[in-house]
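Notes follow the structure.
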Amino acid sequence: MCEFSDEALILGCRGAGEERARALVGELAQRHLDRVVGFLYGLTGDAAVAHDLAQEAFVRVYRHRERYREVARFSTWLYTIARNLALNELRNRQRRPQVYGASTTSDPALHPLDAAPASGASPVEAAAEQDLQHAVRAAVRSLQSPYREVVVLCDLEERSYAEAAEILGVPIGTVRSRLSRARGRLEQRLRPLLERGGSA
Amino acid sequence: MIDPRESTPEGDAPGPFSEELTELVSASLDGALSPDEEERLADLLAQDPQLHAYRERLRRVKRLVAGSAPLMAGAPGAGSRQDALAELQARLARASAGGEPGLGLQVKLGILACVAGLVLVSWQVVAFSRRLNDRSEAAPQKSEVSEVPEALPDVPDLPEEVDLTPPEDPPGDAPEAPSDPELPEPPLPDTPPEDPQPEDPAPKDPTDPSDPQDPDDEGEVVAEVPDATPQPGPDEGTRVRPEDPTPPPRPALDLAALKRLVAGIHAAATPLEQRPSLIRSLGDPRFDHPLAYQTLSAILAGQLDRSLPIGQVEGRAIGPEEWKAAARLACARLDTALAVRVLLDSLQGDQTSDGPAVEAALGRMRAPASVEAMAQSLTGRTTLVQAEAALRALAAVGDPLGYAAVLEVFENDRAPAILVRQAALALGALGNDGSLAPLKGGLGDKRSIVRAGSAGGLGRLGARLPDCAEASVEALAGALRDKEFAVCSAAAEALAAVGEPGVPTLIACLNPSQEPRAAVRDAAREQLWLLSGRPLADAALAADWWREHEQAGIPLAQPTAVLAVDPDQSPLAYAGWGERVVFMLDTSGSMRGPKWTQTQAEVRRAIEAYAARRTSKDRAWVNLLAFADAPRFVRPGFANVASRSGRAGVLRLLEQLKPVEVAQTNLLKAMQALDAIPEVDTLVVFSDAGESPAALARTFDSVRRSLARRPLRIHTVWLSGGAGPLVVDRGAGHPDDPAGATFMRRLARETGGLFVRER
């Protein structure tokens, strides 16, 4: 089963029975769930929300499986859906009152006992590493949504400018300029760490 | 010119630099700068240490962000991955009308996994049945096949029905018959006479890119003549396929033997080295049955990969690649429409690196039904990779039956450029004079890839049909004036392919008053060098040679396979150089010692030879791309080596380069790094190509994909020991060549470049 491409699997859903379509989307989830969660976590900064939205993204894939067109890679389509869900979530979050700590308690960086220490690192080094990771994530989260998206796509997901542009629905030049600004802001915010550390 | 201190409003560009400048710096971290931008940035970085420091900080930021990627792992409150997937299945079930939310999660998962597996297996069987029905006319000998598609034996169950004793002697691995009477006879006597490959009961599969003994991706026998000058065929000038002699009768189906064979293939107890032979035996014409196709399809789809043991026999790996190679060969030997379909269907999804091997297998098929199936695949629903494979195969087969379909692709305005290019080359190879007008029209296409392909097609056509030679040369002379160097280069190569009628045009092109562009003159000079075996530096020398040749009244010889080079000169001294050249240098650990010494010396000589052919007014942009595990440009921008200072700077950087002891070769990443610089028109690769055959196959495929976006000429220098003198090799290679040499040769041939190796 794993030998089929993503596109073959989603195309296989067309006209398929409900059960078969569920199995095929389940296989796609096996392949992509982790990365989609990571992507959504990067956008929302909340692990629980990211998990929930990732599942919702696959439910949307399942519901709209007939709409997939071969002009785009499946993963691009999936990430576009996931991104739209994340944007909706962020929009809704602004409208509703924020539960104190709801977004931060789910950050693994705030749970040093749960986080896996770097192999061979001393406790002090591990703590410093976690501080650094936390600061980076906080800096990424503090970016405005358009900038955070390109950072997550290009630097975290290591997607090309062209793929990011396709997912975001903007020209490649926009991706390039947004990424430049985003990195510039991250550089400003992380400068004390960069100057102090050196281990980065 | 950017003022590095120009500030933009607060918030848009952090720091003291302008927004445009920060964008340049940021994009440089992703290798997303154009050559001009790279040069500009390099200048600015050299002038401003603060900018340099800023770039380093951005680089660290990028690394830090990338380092925080594993976000999913250990996320509290998220539960396990299995739980997440199970929850998803529950949501999917709720989303559909037929959900079963009452079932336990584990049970549901198990059921769904089983259902998915069964669904896909049955899906394949049904698809086969449909194809059988669709093609029953094309393969009339399969009458009994079409009667039983729904009742196909289930392959995994077969071992229970038959004797699973592994054969003592593998059919096909040795000339003698198998000692186990339960196993089928080797297919030797049943080979159709039209099969171009002499039968060998233990053939090394030439369709497999991973097989170092594969002589050529087009299935040619080892020859001294490059395929740029195809020989006129017996059916030249014909529009209609000659009447076929009555095909030899197919032997009767031997289903019992086929079942035993399939059982042997699936039996875990079968010795490792025998399984490929058993798979090859499926190509016996007696086994023209859905069970054989189903088994071959499963092998090519990798469905056996997990269930069967793999290992090494006498240092040779036996596993999925070996099985696939055997399956492709079996398809080629079956030579039926269904076998074509099985091969094309194997090019699904990410398995694109199998393309060359599938093309080679298709190119061996000669049966009219097979050719028609390839042609039909071009007009039906097909993927780009499949269509490309079919086009290349049709060109290799050269059967006029494929002409109409190929022409349709060529004239299809919506077809991707790479397909149209391939169709142009196929039209030329098919040798139909009706192709002349469309190919001439193709020279006016707005896509340079199509124009270059049309030029190649005209060259093949002119070589194949003497009546078309003059018209082809006339059109190609016009193509030499194309604004794109790649098209000019393809036109020069095509003129050489036409032979005598094309030579005067090439000689005229050497004259600076007629052709002011040095790069185009280089392209013509290279072809004349390859035709004559002499370094014809200018038009006067070339005219003298041509006069001598005509007076002697001897037909122009085919280019020799190996061109010895003056040891004092670079083997690339007369190569065609473009205007923007990248030298890609392998700095992996295996290049240390004499190989690296030779690399540095040869690159130096090549750069000096290139510079010597340019005046200071010409453009001669060069950069060095060092690659091992990862590629990196040695200079941030290109240097004009036509100027003394530019040349000295590049050579100085070259001297500083050293191989990295622990680094591995990764040609694929290096090739992909070039994608960011579409202006590069010439690449020179120095490497021992010390990668696995599978990795080399992926790289080769990647290069072919990138040719869809832009034409690129690649000269390759394969270094085996670093001691011998270098020669230019235009031959088709030898079956015993190492995989690295075969890869480098194919890379050069695919792009019209030169392959250089040690003598």
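Taken in order, these protein sequences are the chains called S and L.
Counting in numbering that gives the first Met the number 0, the first sequence runs from 0 upward without gaps.
Counting in numbering that gives the first Met the number 0, the second sequence runs from 0 upward without gaps.
For glycine and all other residues, C-beta sits at the position ideal for the given N, C-alpha and C.
Exercise for the section: Would you verify that the beta carbon of Val341(L) is, or is not, closer than 7 Å to some beta carbon of chain S? Expected result: Closer than 7 Å: no.
Handout entry: Pairwise C-alpha distance: Ala164(S) and Thr173(S)
Key = C-alpha separation (whole angstroms): 8 Å.
Exercise for the section: May I ask you to report which of helix, strand or coil DSSP gives Leu333(L)? Expected result: It is helical.
Practice task
Output the distance between the C-alpha atoms of Met364(L) and Ile448(L), rounded to the nearest integer angstrom.
Solution key: Looking at the two C-alpha atoms, the distance is approximately 28 Å.
Problem - For Gly14(S), three-class secondary structure by DSSP - result: Of the three classes helix, strand and coil, the one that applies to Gly14(S) here is coil, per DSSP.
Exercise for the section: Could you say if the region 70-80 of chain S and the region 0-20 of chain S meet the contact criterion of at least three C-beta pairs nearer than 8 Å? Expected result: Three or more beta-carbon pairs drawn from the region 70-80 of chain S and the region 0-20 of chain S are found closer than 8 Å, and the two stretches are therefore classed as touching.
Practice task
Spell out whether any CB of chain S is found under 7 Å from the CB atom of Arg54(L).
Solution key: False, the Cβ-Cβ gap to chain S never drops below 7 Å.
Problem - Endpoints, the alpha helix (DSSP H) within which Ile264(L) is located - result: Per DSSP, the unbroken alpha helix (DSSP H) holding Ile264(L) starts and ends at Leu254 to His265.
Exercise for the section: Could you check the C-alpha separation between Ile606(L) and Leu307(L) for me, to the nearest Å? Expected result: Those two C-alpha atoms are separated by around 52 Å.
Handout entry: DSSP three-state assignment for His50(S), whether helix, strand or coil
Key = Secondary structure of His50(S) (DSSP, three-state): helix.
Handout entry: Member of Val370(L), Thr382(L), Thr335(L) and Leu337(L) whose CA lies at the smallest distance from the CA of Leu346(L)
Key = Comparing alpha-carbon positions, the option among Val370(L), Thr382(L), Thr335(L) and Leu337(L) lying closest to Leu346(L) turns out to be Thr382(L).
Exercise for the section: Could you confirm whether any beta carbon from chain L is found closer than 7 Å to the beta carbon of Val58(S)? Expected result: By this cut-off, Val58(S) is an interface position.
Practice task
Please check if any C-beta of chain L sits within less than 7 Å of the C-beta of Ser176(S).
Solution key: Judged by the 7 Å Cβ criterion, Ser176(S) is in contact with chain L.
Exercise for the section: With 9 Å as the C-beta to C-beta threshold (strictly closer), list the residues of the region 140-167 of chain S near chain L in chain order. Expected result: Of all residues in the region 140-167 of chain S, Val150, Val151, Cys153, Asp154, Leu155, Glu156, Glu157, Ser159 and Tyr160 have a Cβ within less than 9 Å of some Cβ in chain L.
Practice task
Tell whether a beta-carbon distance below 7 Å holds between Ala495(L) and Asp617(L).
Solution key: No, these two residues do not count as a Cβ contact at 7 Å.
Exercise for the section: Give, in chain order, every residue of the region 73-84 of chain S whose Cβ lies closer than 7 Å to some Cβ of chain L. Expected result: Residues passing the 7 Å Cβ filter: none.
Practice task
Output, in chain order, the set of chain S residues within a Cβ distance shorter than 8 Å of Ser25(L).
Solution key: Against chain S, the beta carbon of Ser25(L) has neighbours under 8 Å at Arg175, Leu178, Ser179, Arg182 and Gly183, listed in chain order.
Handout entry: Inter-stretch contact (C-beta, 8 Å, three-pair minimum) for the region 562-576 of chain L and the region 642-661 of chain L
Key = As far as the Cβ criterion goes, the region 562-576 of chain L does not touch the region 642-661 of chain L, which means the pair count is below three.
Problem - Top-ranked residue by Cα proximity to Gly440(L), from His714(L), Asp432(L) and Arg450(L) - result: Ranking His714(L), Asp432(L) and Arg450(L) by Cα distance to Gly440(L) puts Arg450(L) first.
Problem - Beta-carbon neighbours of Thr21(L), restricted to chain S and to distances below 7 Å - result: Ser179 and Gly183, listed in chain order.
Practice task
Please go through the same chain and pick out, in chain order, the residues whose beta-carbon is closer than 6 Å to the beta-carbon of Ser569(L), but skip the five residues on each side of it.
Solution key: Arg604, Ala605 and Ala608.
Exercise for the section: My understanding is that Leu27(S) touches Val60(S), with C-beta atoms under 8 Å, so please give their C-beta distance in whole angstroms. Expected result: Indeed, because the Cβ distance is near 7 Å, the residues count as touching under 8 Å.
Handout entry: Rounded separation between Val64(L) and Val139(S) - CA only
Key = In a straight line, the C-alpha of Val64(L) is about 8 Å away from that of Val139(S).
Exercise for the section: Give the interface partners of Leu346(L) over in chain S, defined as CB-CB distance under 7 Å, in chain order. Expected result: For Leu346(L), no chain S residue has a Cβ inside 7 Å of its Cβ, as the nearest lies near 11 Å away.
Problem - Cross-chain neighbours of Gln88(L) in chain S, by beta carbon under 8 Å - result: At a C-beta separation below 8 Å, Gln88(L) has these neighbours in chain S: Arg21 and Gly25.
Exercise for the section: Measure the CB-CB distance between Arg612(L) and Pro658(L) and report whether it falls below 7 Å. Expected result: Taking 7 Å as the Cβ cut-off, Arg612(L) and Pro658(L) do not qualify as a contacting pair.
Handout entry: Segment limits, beta strand (DSSP E) that includes Gly443(L)
Key = Boundaries cannot be given for Gly443(L), as no beta strand (DSSP E) includes it and DSSP labels it neither H nor E.
Exercise for the section: Would you verify that the beta carbon of Tyr61(S) is, or is not, closer than 7 Å to some beta carbon of chain L? Expected result: Yes, Tyr61(S) counts as interfacial toward chain L.
Problem - Proximity to Leu429(L) [Cα-Cα], best of Leu457(L), Asp444(L), Ala416(L) and Arg413(L) - result: When each option's Cα is compared against that of Leu429(L), the closest is Leu457(L).
Practice task
Classify Asp585(L) as helix, strand or coil using the three-state DSSP reduction.
Solution key: It is a strand residue.
Practice task
Within 10 angstroms of the Cβ of Asp82(L), are there 16 or more other Cβ atoms? Answer buried if so, exposed if not.
Solution key: By the Cβ-count criterion, Asp82(L) is exposed, with fewer than 16 other Cβ atoms from all chains shown falling within 10 Å of its own Cβ.
Problem - Within chain S, the residues that Leu84(L) reaches when beta carbons sit closer than 8 Å - result: Result: Gly25, Ala28, Gln29 and Leu32.
Handout entry: Distance between beta carbons of Lys61(L) and Asp130(S), contact taken as under 8 Å
Key = Between Lys61(L) and Asp130(S) the Cβ distance is about 19 Å, and since that is not below 8 Å, they are no contact.
Handout entry: Any non-hydrogen atom of the ligand SAH within 6 Å of Gly168(S) CB
Key = Questions concerning the ligand SAH fall outside what the structure shown contains, since it holds no ligand whatsoever.
Handout entry: Endpoints, beta strand (DSSP E) assigned at Ser686(L)
Key = Taken as a continuous stretch (DSSP letters only), the beta strand (DSSP E) holding Ser686(L) covers Thr681 to Ser686.
Handout entry: is_contact[Glu160(L), chain S] using C-beta, thresh 7 Å
Key = Residue placement at Glu160(L) is poorly supported in this model, since its pLDDT is 32, which falls under 50; the coordinates are not used for a value here.
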